[in-house]
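Let me begin by presenting the structure, written as structure tokens, before commenting on it.
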Amino acid sequence: MLQPMMKPVARLRDVAERAGVSVSVVSRVLNSDPNLRVREDTRQRVLRAVGELNYTHNHAARALRLRRSGAIALLVPDVTNAIFSEIFRGVEDAAAEQDLVVLLGRSEWLDEKNNVVSRLSQQGRIDGLIIQLRDEEPSPHILDLLLPDMPTVLMHWHQRGGLSSVAIDDAEAARLAASFLIDLGHHSLGLIGGLPQTSTAQAREAGFGRALIDAGLKCQPEWMTRLGYTPSSGREAFRRIMSATHLPTALVVANINAAVGVLSAARDNGIEVPEQLSLVAIHDTWIAEHISPPLTTVRMPIYELGATAARVLIRVMDNGSKYHVLVRDPAPVMAVRGSHMPFPRAGACLISRQ
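Read in the numbering used here, the sequence shown has 322 at position 312, and its numbers run on one by one without any break.
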């Protein structure tokens with residue numbers, strides 16, 4: 011006797027595709043999120059898609075079946091940083107595919123004396139953790155001490171260890187930035203890098219060095235700094251490089267926030283960008299388009315980093331295995347704006363010492 015074929019169960023992603031919105035929007039509509047701002051016709055389109063696909067949103071039953079809370083936590087050093095807001099969007103969308111909600115907090119939540127994450131875990135309120143450690147505290151060993159049983163994924167971490175990790179191709183980003191300037195005729199390049207103990211800084215410095223070696227060039231030690239990714243560290247790095255005997259014609263700045271400090275310091279010192287000094291920064295955020303001059307940057311797959319981290323965490327929660335993923339798709343690309351200029355250029359005004 012032929013058995014009737016069962017229709018496949020609709021997923022949150024199916025509803026999102028039918029309604030033409032992201033999975034996070036569908037999830038927030040179904041959860042009546044008071045902070046969601048969408049047009050009423052969009053909300054109705056989501057609800058129609060739910061009805062047409064006969065989608066059943068039963069988060070409580072799913073959580074009970076899996077013995078989970080249905081929530082994960084994302085910890086980043088600075089929740090106001092534009093880079094991290096894009097990461098959060100990726101994490102939230104990927105988590106919503108599995109009907110998971112995301113708690114967003116600062117890395118300080120892992121403070122040994124006030125370990126918020128440990129309390130949330132003990133109370134059964136979160137099932138897993140995605141974290142980017144602060145540059146000043148780069149060792150993941152602290153997580154083994156504070157959260158030994160918590161499924162955890164490290165972001166922006168290139169070194170394979172006991173915890174799962176997801177990173178983007180920082181070395182390729184720096185190589186691309188340096189090669190872009192070299193192709194414009196710049197043979198005197200400097201690097202404003204991150205703190206030396208961080209894996210992202212190490213990878214970006216390696217990529218920068220590879221570009222110079224491929225071009226048969228050398229970087230003067232006084233043209234390289236390893237002070238960090240903040241605007242203030244960018245200002246200090248610029249001051250140190252400008253105190254060198256001979257000066258570079260272009261700088262790769264390993265983080266867009268540091269590049270903001272570099273631009274500010276250049277302006278304070280009467281150095282014109284790009285007429286006297288070309289700059290290329292790694293990472294592309296809204297800031298790059300709204301400062302003067304607009305920053306030429308390397309656009310990185312930040313959204314995909316967050317989405318991949320969430321999907322890897324879900325796999326860790328499911329089977330307890332360890333994964334180490336390097337996100338290469340989409341590849342880093344140049345976002346060409348106004349902070350660079352070819353060299354040599356007729357009539358260009360170079361930095362000179364009085």
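Backbone N, C-alpha and C fix where the C-beta goes; we use that ideal spot for every residue, glycine too.
DSSP three-state label for A264, please.
DSSP places A264 in coil when its eight states are reduced to three.
Just to confirm before moving on: does the CB-CB distance between A29 and R47 stay below 7 Å?
Contact check for A29 against R47 fails: the beta carbons are separated by 7 Å or more.
Beta bridge counterpart(s) of H334 as assigned by DSSP
H334 is bridged to S175.
Identify, in the order they occur along the chain, each residue of the same chain with its Cβ nearer than 6 Å to the Cβ of R75, setting aside the five sequence neighbours on each side.
Annotation note: pLDDT 43 at R75 (below 50); position unreliable, coordinate value reported separately. Here the set comprises nothing.
Ordered along the chain, which non-local residues of its own chain (more than five positions away) have a Cβ less than 8 Å from that of R116?
Within its own chain, the residues whose Cβ lies closer than 8 Å to the Cβ of R116, once the five positions on either side in sequence are excluded, are L85, V86, P87, D88, V89, listed in chain order.
Let me know if I223 comes out buried or exposed under the rule of 16 or more other beta-carbons within 10 Å of its beta-carbon.
Taking every protein chain shown into account, the CB of I223 has fewer than 16 other CB atoms within 10 angstroms, so this residue is exposed.
Terminal residues of the continuous alpha helix (DSSP H) containing S117?
Counting along the chain, S117 falls outside any alpha helix (DSSP H), and DSSP gives it neither H nor E.
Three-state class that DSSP yields for T307 in the structure shown:
Residue state, collapsed to three classes: strand.
Backbone secondary structure at A20 - three-state DSSP:
Coil, per DSSP.
Thinking C-alpha only, which one of T240, S253, S242, L22 is nearest M234?
Relative to the Cα of M234, the nearest Cα in the group T240, S253, S242, L22 belongs to S253.
Please report the Cβ distance between R214 and I301, rounded to the nearest whole angstrom; I am assuming they are in contact, meaning their Cβ atoms lie under 8 Å.
Incorrect: roughly 21 Å between the Cβ atoms, too far for contact.
A317 and A177 closer than 7 Å at C-beta:
Against a cut-off of 7 Å, the Cβ pair of A177 and A317 comes out as no contact.
CB F353 to CB G200, shorter than 7 Å?
Cβ distance not < 7 Å, so F353 and G200 don't count as in contact.
Count the other CB atoms within 10 Å of the CB of H256; is the residue buried (16 or more) or exposed (fewer)?
By the 10 Å Cβ count, H256 comes out exposed.
Does the count of Cβ pairs from the stretch 94 to 112 and the stretch 309 to 325 closer than 8 Å reach three?
Yes: at least three Cβ pairs fall under 8 Å.
Under the three-state DSSP convention, the category T162 falls into
Strand at T162.
Among residues of its own chain, excluding the 5 on either side of Q169, which ones have a beta-carbon nearer than 6 Å to its beta-carbon?
The answer, listed in chain order, is S209.
Hey, how far is the Cα of Y333 from the Cα of L139?
One C-alpha to the other measures close to 14 Å.
With respect to the beta strand (DSSP E) encompassing A83, which residues constitute its N-terminal and C-terminal limits?
81 to 86 is the span of the beta strand (DSSP E), which, as asked, contains A83.
CA-to-CA distance, V112 to L289, given in whole angstroms
Near 36 Å, if we compare the C-alpha coordinates of V112 and L289.
Whole alpha helix (DSSP H) runs in the stretch 222 to 294 with 4 or more residues, listed along the chain?
Entirely contained in the stretch 222 to 294, the alpha helix (DSSP H) runs reaching 4 residues are, in chain order, 241 to 252, 266 to 278.
Rounded to whole angstroms, how far is the Cβ of Y239 from the Cβ of A260, which I believe are closer than 8 Å?
Actually they do not touch by this definition, with Cβ atoms about 19 Å apart.
May I ask you to report which of helix, strand or coil DSSP gives A345?
It is a strand residue.
Contact set for I324: own chain, Cβ-Cβ below 7 Å, skip 5 residues either direction:
So the qualifying residues of the chain are Q108.
What is the DSSP secondary structure of I202, counted as helix, strand or coil?
For I202, the secondary structure class from DSSP, reduced to helix, strand or coil, is strand.
CB A181 to CB A221, shorter than 7 Å?
Cβ distance not < 7 Å, so A181 and A221 don't count as in contact.
Would you mind sorting E96 into buried or exposed? The rule is 16 or more other CB atoms within 10 Å of its CB.
Classification for E96: buried.
V283 versus R135 - alpha carbon distance:
If you take the alpha carbons of V283 and R135, they lie about 50 Å apart.
Grab me the residues of P241's own chain with a C-beta within less than 8 Å of its C-beta, minus the 5 sequence neighbours each way, in chain order.
Contacts found: N267, A268, V270, G271, S274.
Taking 7 Å as the cut-off, decide whether the C-beta atoms of A106 and S37 are in contact.
Against a cut-off of 7 Å, the Cβ pair of S37 and A106 comes out as a contact.
Report all residues from its chain with a CB closer than 6 Å to the CB of F248; omit the five preceding and five following residues, and keep chain order.
Only V272, A275 meet the Cβ criterion.
By a C-beta neighbour count over all protein chains shown, 10 Å radius and 16 as the cutoff for buried, is M11 buried or exposed?
Annotation note: pLDDT 40 at M11 (below 50); position unreliable, coordinate value reported separately. Exposed, by the Cβ-count rule.
Give the DSSP-derived three-state secondary structure of V31 in the structure shown.
The DSSP-derived three-state label of V31 is coil.
Taking the continuous alpha helix (DSSP H) assigned at T136, which residues delimit it?
Residue identity differs from the one stated: residue 136 is Ile in this sequence, not Thr. Counting along the chain, I136 falls outside any alpha helix (DSSP H), and DSSP gives it neither H nor E.
Could you pull out every residue in the same chain whose Cβ sits closer than 8 Å to the Cβ of A356, ignoring the five residues on either side in sequence?
With a pLDDT of 39 at A356, under the threshold of 50, the predicted position of this residue should be treated as unreliable, though the coordinate-derived value follows. Taking C-beta separations shorter than 8 Å and ignoring five residues to either side along the sequence, A356 has no partners in its chain.
So V326 and V163 are supposed to be a Cβ contact under 8 Å. How far apart are they, rounded?
Between V163 and V326 the Cβ distance is about 7 Å, and since that is below 8 Å, they are a contact.
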